[in-house]
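What follows is a single structure, written as structure tokens, with notes after it.
Number of protein chains: 2
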Amino acid sequence: MSCETDTVKVLRTTGHKATPQRLMILGALRHGSGHLTAAEIFGEVQAEYPYVDISTVYRTLGVLKELRLVSETDMGTGDTTYEWVQQQERHHHLICRNCDEVTSLDHQYLEDLGAEIMAESGFKPDLDHFAIFGLCAKCRLEAEQN
Amino acid sequence: MSCETDTVKVLRTTGHKATPQRLMILGALRHGSGHLTAAEIFGEVQAEYPYVDISTVYRTLGVLKELRLVSETDMGTGDTTYEWVQQQERHHHLICRNCDEVTSLDHQYLEDLGAEIMAESGFKPDLDHFAIFGLCAKCRLEAEQN
DNA sequence: CATGTAGTTGCAACCAATTGCAATTATCAT
DNA sequence: ATGATAATTGCAATTGGTTGCAACTACATG
Ligand SMILES: [Mn+2]
Ligand SMILES: [Mn+2]
Ligand SMILES: [Zn+2]
Ligand SMILES: [Zn+2]
């Protein structure tokens, strides 16, 4: 029926309930594109069901994050952003601290780092969605000229 | 005189002022050990000079962070932590999401990642002090038994 | 040393996110 | 289908952190 049946299963088998509020939040995350703030998700859910509370949104994002179905990332914009984690399209971001440009970084870089850490320490890192700050090529060259 | 003369120089040459409040905050960071919360720094400064405001602490941490003299890190404890960045002792942390154990990770791992990213994209990442969440060896083995 | 000015401070108001709690509800086991 | 139970919700209060602003001060310059 709904296209969230898999997620509903995951919720139930981990002792959580599939409430209507959660399904709406899930829908916003899966059909809205890319990085969403809690306020954006809240707005979308509210349009359909005006009684939701923002705390329900945050708590749901909390459980989805625990289950590693969504990533929570500080992209330096002030508000934390959330993104549905798709195993096929795992990626990260490079963010310039000078011009704020955001680009994507292939997951492979972090996959390799994760494998090394795992091999040498036994610790298995969660590498769902990183924001790496720094200086983009353009800004770095400008800075080096001084 | 004071042991913060280098930092004072950095502040001045970047167009900032070396105010008494800032020097006290600096002192707390350099002489206090390891990860400090804004509240801890505030408390220490307040003991010496009761009129400081917490906003001054946050703003000072902001400029020190911009200058990359301190790192700001979410270690998952609720409050953001700040640590003086010592070039010689650069390090990162692995934090278990199950048992909360915190260990150190040698900087070399991230140095290598940074070099790769830089070589292939021209982006120069700031790799001052990362917190990498995941499952420690013990918790991972326990989880795999189920 | 005096002075002009940009940078900083304390305060109060504000904002994003979290938490305690009593009422409600999804789910499981009969 | 019904009832017991644990999880969840909405609400209100709270916390950690930020911001606008008028008063103040560090410091560069002459
Ligand atoms: Mn992304
Ligand atoms: Mn550290
Ligand atoms: Zn840039
Ligand atoms: Zn552990």
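The listed protein sequences correspond, in order, to chains A and B.
Per our numbering, the very first residue in the first sequence carries number 1; after that it's consecutive.
Per our numbering, the very first residue in the second sequence carries number 1001; after that it's consecutive.
Beta carbons: idealized from backbone N, C-alpha and C, even for Gly.
Secondary structure at B/P1050: coil, using DSSP grouped into helix, strand and coil. Runs of the alpha helix (DSSP H) lying entirely within the region 1010–1060 of chain B, each at least 4 residues long, are 1020–1031 and 1038–1048 in chain order. Closer than 8 Å to the CB of A/R140 there is at least one CB belonging to chain B.
With contacts defined by Cβ atoms closer than 8 Å, B/T1073 and B/L1036 do not form a contacting pair. Three or more pairs of CB atoms, one per stretch, sit closer than 8 Å, so the region 1017–1025 of chain B contacts the region 1048–1066 of chain B. Chain A has no Cβ within less than 8 Å of the Cβ of B/R1012.
At a threshold of 7 Å, A/E83 counts as near ligand 1, since its beta carbon sits closer than that to one of the ligand's heavy atoms.
Sequence-distant partners of B/C1099 (beyond 5 residues in either direction) whose C-beta falls short of 8 Å from its own C-beta, in its chain, are C1136, K1138 and C1139. Taking the beta carbon of A/E144 as reference, no residue of chain B falls within 7 Å; the closest one sits roughly 10 Å away.
Look at B/E1120 here: in three-state DSSP terms it is helix. The beta strand (DSSP E) runs lying completely inside the region 78–127 of chain A and spanning 3 residues or more are 81–84, 91–96 and 102–106, given in chain order. Using a Cβ-Cβ cut-off of 9 Å, B/D1100 is close to nothing in chain A; its nearest Cβ partner there is about 13 Å away.
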